[in-house]
Amino acid sequence: MKDTFNFLKDSFKGNKELADTILNWNDISYVLPLMYIDIRIYACNQPIDNIVELGTRGGESTVALYSAVYEINTQLDQSAKMTSIDISPECESVRTRLERIGPTDWWTFITGDSAKVEWSDPIDFLLIDTSHEYEQTLKELNKWTPFIKQGGTVWMHDVSVNKGVSEAIHKWLPEQPKDTWKYYEVPTYAGLAWLKKI
Ligand SMILES: C[S@@+](CC[C@H](N)C(=O)[O-])C[C@H]1O[C@@H](n2cnc3c(N)ncnc32)[C@H](O)[C@@H]1O
Numbered sequence: 002m003k004d005t006f007n008f009l010k011d012s013f014k015g016n017k018e019l020a021d022t023i024l025n026w027n028d029i030s031y032v033l034p035l036m037y038i039d040i041r042i043y044a045c046n047q048p049i050d051n052i053v054e055l056g057t058r059g060g061e062s063t064v065a066l067y068s069a070v071y072e073i074n075t076q077l078d079q080s081a082k083m084t085s086i087d088i089s090p091e092c093e094s095v096r097t098r099l100e101r102i103g104p105t106d107w108w109t110f111i112t113g114d115s116a117k118v119e120w121s122d123p124i125d126f127l128l129i130d131t132s133h134e135y136e137q138t139l140k141e142l143n144k145w146t147p148f149i150k151q152g153g154t155v156w157m158h159d160v161s162v163n164k165g166v167s168e169a170i171h172k173w174l175p176e177q178p179k180d181t182w183k184y185y186e187v188p189t190y191a192g193l194a195w196l197k198k199i
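At position 127 of the sequence shown the residue is numbered 128 (our numbering), and the sequence of numbers has no breaks.
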């Protein structure tokens, strides 16, 4: 475990906010490097338009996703945007954390219900991490997945610990046209479901 800590510290030493967020263990820390690296690799092959996060809380996942957005825009000359949506308006204060990464011009916060907010743009990555209740998760899948680009990804946190999340996936997935989504679960603490649009 100590070696893993040191590896992460070295890898992310240019971004102290990200390193501190990953190393400050909580329920989502385990999957932050996976999502960050997934975005970085994808961005080498195609430009990113939008990353959307449903469920912001104190901004752990926001820091990881925005770190990737900030780096690909400044290093690969892309113009990716990130939008975070949470029912709680206080989550806008996460901007203070993002400012420690760099200017936050590419981040928008929307206060609202994740199943009702208006949206019309293509999405490369979507993180679903809100109430984890069956009905809400199913509404989120139905509302947001039509915007996912081919090759894009939906991550769903807490799939191993919230029945509502896995039940919603197993209701939604068989209703999709054959061979449109690849599904697997990363068996980390709390679990991360991975839906890739093919
Ligand atoms: C598990 S926390 C999110 C954790 C966050 N992704 C992180 O990494 O710190 C769940 C969040 O979802 C929000 N939430 C719950 N129901 C929601 C809804 N219907 N629409 C939008 N946000 C919701 C809560 O206010 C809470 O901040």
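Where a beta carbon is used, it is the ideal one built from N, C-alpha and C, also for glycine.
The beta carbon of Asp130 is closer than 6 Å to those of Gly56, His158 in its chain, skipping five residues each way along the sequence. For Ile29, the shortest separation between its Cβ and any heavy atom of ligand 1 lies below 6 Å. The C-beta distance from Leu127 to Trp145 rounds to 5 Å, short enough to fall under 8 Å. For Tyr37, the three-state secondary structure derived from DSSP is helix. For Pro48 and Thr97, the gap between their C-alpha atoms comes out near 27 Å. Assignment of Val166 by DSSP, reduced to helix, strand and coil, places it in the helix class. Residue range 17-24 is occupied by the alpha helix (DSSP H) that includes Glu18. Not one heavy atom of ligand 1 falls within 6 Å of the beta-carbon of Gly192. The shortest CA-to-CA distance from Glu18 to any of Asn46, Pro175, Tyr67, Thr154 is the one to Tyr67. The C-alpha of Gly103 lies about 7 Å from the C-alpha of Tyr71. For Ser85, the three-state secondary structure derived from DSSP is strand. Contact between the segment 156-173 and the segment 130-143 is present: three or more C-beta pairs spanning the two stretches fall below 8 Å. Taking 6 Å as the cut-off, one finds at least one heavy atom of ligand 1 near enough to the beta carbon of Ile88. For the 7 Å CB-CB criterion, Glu93 and Phe110 form a contact. Nearest neighbour of Pro123 by Cα position, chosen from Gly113, Lys82, Val160, turns out to be Lys82. Per DSSP, Ala191 lies in no alpha helix (DSSP H) and is assigned neither H nor E. Across the set Tyr43, Ile73, Gly59, Thr63, the C-alpha of Thr63 shows the shortest separation from the C-alpha of Leu33. Collapsing the DSSP output to three states places Lys179 in coil. For Ser115, the distance from the CB to the nearest heavy atom of ligand 1 is below 6 Å.
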